[in-house]
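In our numbering, the protein residues as written are 167 to 922.
C-beta atoms are modelled at their ideal positions from N, C-alpha and C, and glycine is treated no differently.
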Ligand code: PEP
Ligand code: MG
């Protein structure tokens, strides 16, 4: 590669000196545009800044009429400058005025200039402004000149982002960087959180822009790319990903990107132009993001996030940073903003500093959401674009009730939310008053409200929420937060603490539900599964690994010595599985009794109804168990063939559809017929409208996250269950091709003054 000893390097050196000098912001900008014009032998150099109101304002110029500074304005998309900002792409024109987008601004006096080169000023994929050079003669700017101007634009982005821009802004005008924006998305866990952004996969901000010695930087880059490639080859050769399947394509694409000569060339070019290796990565990443961010094709967007990930890995290599640093130095009121994240990753953050979670993807039943719910953290999901718009430390409000995120909120919005938080506290007080009241419907039907749990942090909620017991204890959560398999004693200790905290209240432990999307980093199945949700998971896995199962059963049996032990099996598909599990349990009971352990007074075994095949084995199933519990999250997923973690289809079908409600009715009727208690412990139990519907269908026991017990109880007190039952039976008996009964049920609630 040709070393550019003149041009960009000299310019960057000058810019560095200007940045170091103590200058008034406007003076600094004026000098910068002067230097650029001189260096590029341009008659005009102008710098436009994108304001919060979508207007590009001329901030500095040499060559155009100086009186036009802060007066000349273009809207986003208007004229050449507006087009560059809107598309985030450079325009290189020999004859600017013949371009269809050209807009003439008489105050600038630019009619004298023919050739035009404009580049977007980008930072972390966001357009902050536009930098332009112009010449009288009709000439085409060379590629290295375009590259040089883009590099210079990076420096301007840094100046804006670090504060000069804000001080430059005229009173009352905010720059785009500080623009307030709101995202209407999905409210996945109620609650309101006010705090500051913590990007889960933080884009590393590069401060060290200018290189002293480009050869040394190239060497650093080569070394880092070398290590990156090795780590990716290593990732690809791991046994667990070696099998054929779609995941291979994804990983091969990574390898392809990492070996892409074009990428390397662009990086080297940026270094030759005077940037450090990390600044070069940031520049090329910004360019790519800006070009691709408008594209909606999901395949391309996936590739974009692969590319982002790769660039971030390279940055980390170069800067010797690991992803954990941010979690460790967490702000006190953190709102985690992520594209998506695993449940275990959320648990890496200290709870006391978390105020909320915002996800670009994810669905209401993703495990990260369930864990957040267990921890009482407000969650908003499917907030499209939030990751690229948010910066670490931006003020942010998560409104999980309404499913809204306010990024960099205006002060009146902030004040309104502070009021909302106070209001919620008052309402919580109301729920607390309801806590010790019986949960009875208006027409005298008792409904048992249980809570779901899985961690020690959940236990205080049992008392606080007024739940009659724990209807679902997800034992896999202990496994998910551990770094190795929890030992038998650790398991027993947890179960004992749970039972002690529960006192006389019943607890239903679900045996290990791992596999699917509940991945244990330290336990891998023999091959990668293409459809893990329908794969080797839950009861299938524990029956195949009896050692694992026995350890858990023994821990449960020992911990329940002297009292009733309730266990239920996840993902049962056929009755034979229940029988096999019962045999193992009986053997364990026998074994323990030989060693004089105190055994539970009674062992009750239940099955979760999550796989549709059970719907046609109701009689046989109910004969084989002591109780059943509907896992409506999975049952809905498998019945409707709708991946519960896929945001693309999260709202496509409704759990209040006639089909799903008929299935639920069938389960209730079977349970009555066979005199086998039934409960429902999926997320729908905690949504007042859905809980109301469940009571209407005949459920008299439901289990939900602790925070939702208050609202459900408030709903119950106003519900005439038999009236709703008549309405529902009528709807489900008739020919009904409705997408959902939601509107009808909402109207019922409204007409009958039922608080939802
Ligand atoms: C369910 O599937 O409804 C359920 C309660 O289990 P989980 O959400 O843990 O899969
Ligand atoms: Mg389930």
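Cβ of residue 377 within 9 Å of Cβ of residue 440?
yes
Any chance the stretch 377 to 396 sits against the stretch 434 to 449, with 3 or more Cβ pairs inside 8 Å?
yes
Give me whichever residues DSSP pairs with residue 565 in a beta bridge.
358, 570
Determine the burial state of residue 877: buried for a count of at least 16 other Cβ atoms within 10 Å of its Cβ, exposed for fewer.
buried
Between which residues of its own chain and residue 394 is the CB-CB distance below 8 Å, once the five residues before and five after are set aside?
424, 476, 479, 480, 483
Which residue marks the beginning of the alpha helix (DSSP H) containing residue 914, and which one marks its end?
908 to 917
In its own chain, which residues sit with a C-beta less than 7 Å from the C-beta of residue 244, not counting the 5 before and 5 after it?
269
Residue range of the alpha helix (DSSP H) that includes residue 232
Note, residue 232: premise wrong, no alpha helix (DSSP H); not H, not E.
Contact defined as beta carbons within less than 8 Å: I believe residue 735 pairs with residue 778. What is the distance between those atoms, to the nearest angstrom?
In fact, because the Cβ distance is near 16 Å, the residues do not count as touching under 8 Å.
Please determine, among 381, 589, 349, the residue with the shortest C-alpha to C-alpha distance to residue 503.
349
Nearest CA to the CA of residue 195: which residue from 321, 222, 304, 246?
321
Counted within 10 angstroms of its Cβ, other Cβ atoms place residue 581 as buried (16 or more) or exposed:
exposed
Residue 546, DSSP secondary structure in three states:
strand
Return the chain-ordered list of same chain residues with a C-beta closer than 7 Å to the C-beta of residue 635, the five sequence neighbours on each side being excluded.
616, 668, 671, 672, 673
Residue 213 vs residue 246 beta-carbon contact at 9 Å:
no
Which residue's Cα is closest to the Cα of residue 372: 323, 382, 346?
323
Any heavy atom of ligand 1 closer than 8 Å to the CB of residue 798?
yes
Using a threshold of 8 Å, is the CB atom of residue 776 nearer than that to any non-hydrogen atom of ligand 2?
yes
Ligand 1 and residue 848: does any heavy atom of the ligand fall closer than 8 Å to the residue's C-beta?
yes
In terms of residues, what are the limits of the beta strand (DSSP E) holding residue 270?
From DSSP, residue 270 is part of no beta strand (DSSP E); its letter is neither H nor E.
Three-state secondary structure (DSSP) of residue 412:
Unreliable positioning characterises residue 412 in this predicted model, as indicated by a pLDDT of 43, which lies under 50. A coordinate reading is not provided.
Which two residues bound the contiguous beta strand (DSSP E) that contains residue 217?
Element bounds for residue 217: n/a, residue is neither H nor E.
Buried or exposed (CB count within 10 angstroms, at least 16 for buried), residue 577
exposed
Short of 7 Å in beta carbon distance, which residues of its chain neighbour residue 544, apart from the five on each side in sequence? Order them along the chain.
355, 356, 357, 358, 359, 522, 564, 566
Buried or exposed, going by whether 16 or more other CB atoms sit within 10 Å of the CB of residue 538?
buried
Shorter than 8 Å, the distance from the beta carbon of residue 679 to the closest heavy atom of ligand 2, or not?
yes
Have a look at 237, 575, 832, 823 and flag the residue whose alpha-carbon is nearest the alpha-carbon of residue 796.
832
Beta strand (DSSP E) segment containing residue 300, residue limits:
292 to 301
For residue 192, which of 699, 773, 226 has the nearest alpha-carbon?
226
Tell whether a beta-carbon distance below 9 Å holds between residue 771 and residue 765.
no
Rounded to the nearest angstrom, how far is the Cβ of residue 657 from that of residue 644, given a contact under 8 Å?
7 Å
Beta carbon of residue 705: closer than 8 Å to some heavy atom of ligand 1?
no
I want to know whether the stretch 859 to 877 touches the stretch 889 to 896 - three or more CB-CB distances under 8 Å.
yes
Please report the distance separating the alpha-carbon of residue 412 from that of residue 452.
For residue 412, the predicted model reports a pLDDT of 43, less than 50, meaning its position is unreliable; a value from the coordinates is still stated below. Approximately 28 Å, taken between the alpha carbons.
Give the straight-line distance between the Cα atoms of residue 454 and residue 292, rounded to the nearest whole angstrom.
11 Å
If you draw a straight line from the C-alpha of residue 276 to the C-alpha of residue 570, how long is it?
44 Å
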